[in-house]
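Residue numbers (the working numbering): 1 to 121.
All C-beta atoms in this analysis are idealised placements derived from N, C-alpha and C, irrespective of residue type, glycine included.
Working notes, structure below.
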Amino acid sequence: MANSKRQLFLKRRMRVRNKLRGVTANQGRARLSVHRSNKNISVQLIDDVNGVTLASASSLEKDLGVVGKNNVEAAAKVGAAIAERAKKAGVEVAYFDRGGFLFHGKIKALADAAREGGLKI
């Protein structure tokens with residue numbers, strides 16, 4: 001029997017997470033974790049060694065001016081915001097954790113904006 005969309009998503013998510021888990025624990029780099037819903041997009045910069053969130057950004061924040069939007073432009077603004085906040089937190093290099101989402105469209109726009117903002121992914 002074929003897997004459902006949700007099962008395939010979870011399978012991709014765990015594959016990506018397990019690959020990153022081995023690498024981040026050894027090198028101590030932060031993980032840039034992305035979550036995309038139908039209405040919003042959010043991203044967190046996570047230190048897996050200490051288990052703390054260093055910085056976060058979301059399209060729900062009013063100062064970004066994209067409340068309730070989930071398009072490529074909103075993703076780019078969120079990516080630029082997380083790059084700026086990562087600099088303030090002292091993080092220059094991070095691993096990109098796309099979760100189970102495909103690296104295409106909004107997720108790619110977020111990653112490109114974070115790279116342009118100075119975050120090395």
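- Positions of the alpha helix (DSSP H) runs, each at least 4 residues long and wholly inside the stretch 40-69, cannot be given because no such run exists.
- Taking 8 Å as the cut-off, the Cβ atoms of ASP97 and SER33 count as close.
- In this structure, the CA atom of LYS5 is about 38 Å from the CA atom of GLY90.
- Under the DSSP definition of a beta bridge, PHE96 partners with LEU32.
- For LYS120, the CB contacts under 7 Å within the same chain, skipping 5 residues up- and downstream, are GLU92 and VAL93 in chain order.
- Distance from the CA of ARG31 to the CA of GLN7, rounded to the nearest whole angstrom, comes to 23 Å.
- LYS19 sits exposed, since fewer than 16 C-beta atoms from the chains shown fall within 10 Å of its C-beta.
- GLY65 is positioned such that its CB atom lies no closer than 8 Å to that of ALA109.
- Judged by beta-carbon spacing, LYS106 lies beyond the 8 Å limit of GLY68, meaning their Cβ atoms are not closer than that value.
- Taking 8 Å as the cut-off, the Cβ atoms of ARG29 and TYR95 count as close.
- Distance from the Cα of ASN50 is smallest, within the candidate group GLN27, ALA83 and LEU102, for GLN27.
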